[in-house]
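Heads up: the protein sequence lines correspond to chains A and B, in order.
Position one of the first sequence corresponds to residue 2 (my numbering), numbered consecutively onward.
Position one of the second sequence corresponds to residue 2 (my numbering), numbered consecutively onward.
Just so you know, even glycine gets a beta-carbon here, dropped at the ideal spot from N, CA and C.
Structure first, then comments.
Number of protein chains: 2
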Amino acid sequence: MNDTRQFHLLAGLATGRDARSDDAIYQSLWEAIVEHRLSPGARLPEDALAGAFGVSRTMIRRVLQRLALEQLVTLRTHRGAQITSPTPSEARDVFRARRLLEGALLTEVVGNIKPADLQALAQIADQEHHASREQAIRLSARFHTRLMAMAGNASLSEALSQLISRTSLIIAVYGRGQAGCPCEHHTLIKLLETHDLAALQKWMHEHLTGIEASLDFTASGDALPDFEHLFGHHREQNAS
Amino acid sequence: MNDTRQFHLLAGLATGRDARSDDAIYQSLWEAIVEHRLSPGARLPEDALAGAFGVSRTMIRRVLQRLALEQLVTLRTHRGAQITSPTPSEARDVFRARRLLEGALLTEVVGNIKPADLQALAQIADQEHHASREQAIRLSARFHTRLMAMAGNASLSEALSQLISRTSLIIAVYGRGQAGCPCEHHTLIKLLETHDLAALQKWMHEHLTGIEASLDFTASGDALPDFEHLFGHHREQNAS
DNA sequence: TGGAAAATGCTTGTATACAATCCTCAAGGC
DNA sequence: GCCTTGAGGATTGTATACAAGCATTTTCCA
Numbered sequence: 002m003n004d005t006r007q008f009h010l011l012a013g014l015a016t017g018r019d020a021r022s023d024d025a026i027y028q029s030l031w032e033a034i035v036e037h038r039l040s041p042g043a044r045l046p047e048d049a050l051a052g053a054f055g056v057s058r059t060m061i062r063r064v065l066q067r068l069a070l071e072q073l074v075t076l077r078t079h080r081g082a083q084i085t086s087p088t089p090s091e092a093r094d095v096f097r098a099r100r101l102l103e104g105a106l107l108t109e110v111v112g113n114i115k116p117a118d119l120q121a122l123a124q125i126a127d128q129e130h131h132a133s134r135e136q137a138i139r140l141s142a143r144f145h146t147r148l149m150a151m152a153g154n155a156s157l158s159e160a161l162s163q164l165i166s167r168t169s170l171i172i173a174v175y176g177r178g179q180a181g182c183p184c185e186h187h188t189l190i191k192l193l194e195t196h197d198l199a200a201l202q203k204w205m206h207e208h209l210t211g212i213e214a215s216l217d218f219t220a221s222g223d224a225l226p227d228f229e230h231l232f233g234h235h236r237e238q239n240a241s
Numbered sequence: 002m003n004d005t006r007q008f009h010l011l012a013g014l015a016t017g018r019d020a021r022s023d024d025a026i027y028q029s030l031w032e033a034i035v036e037h038r039l040s041p042g043a044r045l046p047e048d049a050l051a052g053a054f055g056v057s058r059t060m061i062r063r064v065l066q067r068l069a070l071e072q073l074v075t076l077r078t079h080r081g082a083q084i085t086s087p088t089p090s091e092a093r094d095v096f097r098a099r100r101l102l103e104g105a106l107l108t109e110v111v112g113n114i115k116p117a118d119l120q121a122l123a124q125i126a127d128q129e130h131h132a133s134r135e136q137a138i139r140l141s142a143r144f145h146t147r148l149m150a151m152a153g154n155a156s157l158s159e160a161l162s163q164l165i166s167r168t169s170l171i172i173a174v175y176g177r178g179q180a181g182c183p184c185e186h187h188t189l190i191k192l193l194e195t196h197d198l199a200a201l202q203k204w205m206h207e208h209l210t211g212i213e214a215s216l217d218f219t220a221s222g223d224a225l226p227d228f229e230h231l232f233g234h235h236r237e238q239n240a241s
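Take a look at the structure:
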């Protein structure tokens, strides 16, 4: 069927021209994933994407590989790409990693605060207020990414921004209703102005723990249910 | 000239067959980079690699893109790939990041020590003793990677293993003579057995700081010298 | 009528052809 | 003699053709 129409909403996002560089395609797909317009489990056929973006499969494959290395899409051989569905275990790893990294990086952030940074953060937080629920998720990711860039360590910032993107996938699978935390971000900006490291770290820890606590891991996020857990007693009866 | 011979040492490393999967090619290149058999700045022409590995450029390009996303090679448009030469600033970022991450992860490692892990670490440390200088560098990376895998957080382990690989590049550019630290790794294993977190963190901090201190950042690591800094006064004289 | 096996179509994997760009080297002008 | 400019070769960027594998459906048999 070569369903190009399904992905035309993606193509319309960026510059508007027909053929785009692979970086622009990456951006479009990244935004669609982080904004939950492409949900975990959704298939990403190469032909359909190539048609929507007006390029050949070559470029699409390069972009998909990049997204796969960032764990936003899952590539299975001869079975194509689909948006990654993080497992509960992976989800917990991501939150543990973020608590550790963002807490530690705050130490370096407080020594590096510049007015321009605070202004940029405030602008993002403001946009979150007026944005749709979908865009708010992406802006929330941008807020955290921008905040951690203030630590001035590109190596860590990059690793962290990947964790932040994956958090959006986790929320898509295990989130229940209520969205992120726009007002909380304004609180953080006020704390940044006081340079109170302990308070900032406490805030960040509670912020991340709060998001994690709002998730519901009982719902099966994966495509195939856990038969072992559901019907395991049958086997025990037969085996014994 | 299509100089395939230059890369035949790489092709001989893995399985020995002619055509290999992209993962095997990635492994071969990764080892050659980490073992300093391919030095920073070395060019990686796609045709030559394709010939050496007995595959087409398609696969080579995929592997090079992956190595580029891990910052082991640098991809410049229409100018091909070459082994990355980390800047002094990047080098310092990597060491800061490793001190932070590895120090913090030790906290989770000490709660998770299993005999099999200690045995695996001891085996790597032993191999370091008997290995050539080149292989010792790779084994040292493996040691740290294996150690941090004990923390049981795949997200952080992956980010960290990238930092560890990049450290090898940094040593290739800025290292002066003396190699790594084989005996020190045996010390760490003894400390692990005591479960003394504070001592472990102290050891790790000094270990990484010691390596960083042994580097010489005055030598120009980049291909093209810093003309701005060298000849900048000329422009100032003309401008004023 | 239900199930298993085969066939067909669709999607991905790999290689290759062609176009675009850059680098090198040589020739000409100042 | 040095710098600029142009042509040629070499290398990368992109698209496409073909092969290989999986999924679905259809058919056949019990």
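Asked                                                                                                                                                                            : Found
From the beta carbon of R63 (chain A), is the nearest beta carbon of chain B less than 8 Å away?                                                                                 : yes
Under 7 Å Cβ-Cβ, which residues of chain A neighbour L157 (chain B)?                                                                                                             : A98
Using 8 Å as the limit for Cβ to Cβ distance, is L70 (chain B) near chain A?                                                                                                     : yes
Using a Cβ cut-off of 8 Å (strictly closer), state whether R80 (chain A) contacts chain B.                                                                                       : no
Please name the residues in the segment 141-174 of chain B whose beta-carbon is closer than 7 Å to at least one beta-carbon of chain A, in chain order.                          : N154, A155, S156, L157, A160 and L164
Comparing C-alpha positions only, which one of A:A142, A:I212, A:L201 and A:H37 sits nearest to T108 (chain A)?                                                                  : A:L201
Three-state secondary structure (DSSP) at I190 (chain A)?                                                                                                                        : helix
Find the residues of chain B that neighbour D94 (chain A), judging by a C-beta separation of less than 7 Å, and give them in chain order.                                        : N154, A155 and S156
Hey, is L101 (chain B)'s beta-carbon within less than 8 Å of any beta-carbon in chain A?                                                                                         : yes
From L65 (chain A) to D24 (chain B), what does the alpha carbon distance come to, in whole angstroms?                                                                            : 17 Å
Check the Cβ of Q28 (chain A) against every Cβ in chain B and list those closer than 7 Å, keeping chain order.                                                                   : Near Q28 (chain A) there are no residues of chain B at all, since even the closest Cβ is about 16 Å away, more than 7 Å.
Could you compute how far the alpha carbon of I171 (chain B) sits from the alpha carbon of L193 (chain B)?                                                                       : 28 Å
Please state the DSSP three-state secondary structure of Q83 (chain B).                                                                                                          : strand
Rounding to the nearest angstrom, what Cα-Cα distance links D118 (chain B) and R167 (chain A) in this structure?                                                                 : 29 Å
Taking the beta strand (DSSP E) that T78 (chain A) falls in, what are its first and last residues?                                                                               : Segment: none, T78 (chain A) is in no beta strand (DSSP E) and carries neither H nor E.
Which residues does DSSP pair with G176 (chain B) in a beta bridge?                                                                                                              : B:L216
One question on the structure: do Q83 (chain B) and A43 (chain B) come within less than 8 Å of each other, judged by their Cβ atoms?                                             : yes
Where do the N-terminal and C-terminal ends of the alpha helix (DSSP H) with D24 (chain A) fall, by residue?                                                                     : D23 to V35
Indicate whether H37 (chain A) and A126 (chain A) have their beta-carbon atoms separated by less than 8 Å.                                                                       : no
Enumerate in chain order the residues of its own chain whose CB-to-CB distance from Q163 (chain A) is below 8 Å, with the five nearest sequence positions on each side excluded. : E71 and Q72
Taking 8 Å as the CB-CB limit, is A105 (chain A) close to chain B?                                                                                                               : yes
Could you check whether the Cβ of Q66 (chain A) sits closer than 8 Å to any Cβ belonging to chain B?                                                                             : yes
Give me whichever residues DSSP pairs with L45 (chain B) in a beta bridge.                                                                                                       : B:A82
Assuming M151 (chain B) and V95 (chain B) are in contact, meaning their beta carbons sit under 8 Å apart, how far apart are those beta carbons, in whole angstroms?              : Their Cβ separation, rounded to whole angstroms, is 21 Å, which puts M151 (chain B) and V95 (chain B) out of contact at 8 Å.
To the nearest angstrom, report how far apart G81 (chain A) and Y27 (chain B) are at their CA atoms.                                                                             : 21 Å
Taking A123 (chain B) as the reference, which of B:A142, B:A105 and B:K191 has the closest Cα?                                                                                   : B:K191
Determine the extent of the alpha helix (DSSP H) in which I133 (chain A) is found, giving its start and end residues.                                                            : It is Ser, not Ile, that sits at residue 133 (chain A) in the sequence shown. It is not in any alpha helix (DSSP H) - S133 (chain A) carries neither H nor E in the DSSP assignment.
In or out: E207 (chain B) buried (at least 16 other Cβ within 10 Å) or exposed?                                                                                                  : exposed
Assuming the contact rule is C-beta atoms closer than 8 Å, L189 (chain A) and R100 (chain A) should be a hit. Round their C-beta distance to whole Å, please.                    : That pair is no contact at about 15 Å.
Thinking C-beta only, is G176 (chain A) closer than 8 Å to R148 (chain A)?                                                                                                       : Before going on, a small fix: residue 148 (chain A) reads as Leu here, not Arg. Contact: no.
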